[in-house]
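Chemist: In the working numbering, the protein residues as written are 126 to 196.
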Amino acid sequence: LEDSREAALDIFKNIIKVIDDHQLNIYNLTSIGAVLKDRLPHILKGNCYAHVLHNGVKHAHDVLKSFITTY
126 LEDSREAALD IFKNIIKVID DHQLNIYNLT SIGAVLKDRL PHILKGNCYA HVLHNGVKHA
186 HDVLKSFITT Y
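#1: Go ahead and pull the three-state DSSP assignment for V188.
#2: Going by alpha carbons, who is nearest to A133 out of K183, V188, D187 and V177?
#3: Do I136 and I144 count as a contact pair if the criterion is CB distance below 8 Å?
#4: Does DSSP put H167 in a helix, a strand or coil?
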C-alpha cells in the first residue's frame, strides 16, 4: 500500500485492511513482528521517536564514515 503520511495510526489501518482484504487468519499468532523479523532480519523495531532516533544512530554509526576532531 502506498501511504505518504505513514503515521502509526495509518500503518495500523493499512495492516488491518490487508488482513481483512485477504481474509488472513491471525488468531493464535503470538507476534507478527517475530514473523517479520524472520523474513527481514535487518528490520528494526520502532517505538517512540526518541527510541527510533537512538536505534538509528546505534545501528548506523558503525557504517557511517566520520572524522571527529577535538578543539
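Using N, Cα and C, we set each Cβ at its ideal position, and we do this for glycine too.
Modeler: The short version:
#1: coil
#2: V177
#3: no
#4: Correct three-state label for H167: coil.
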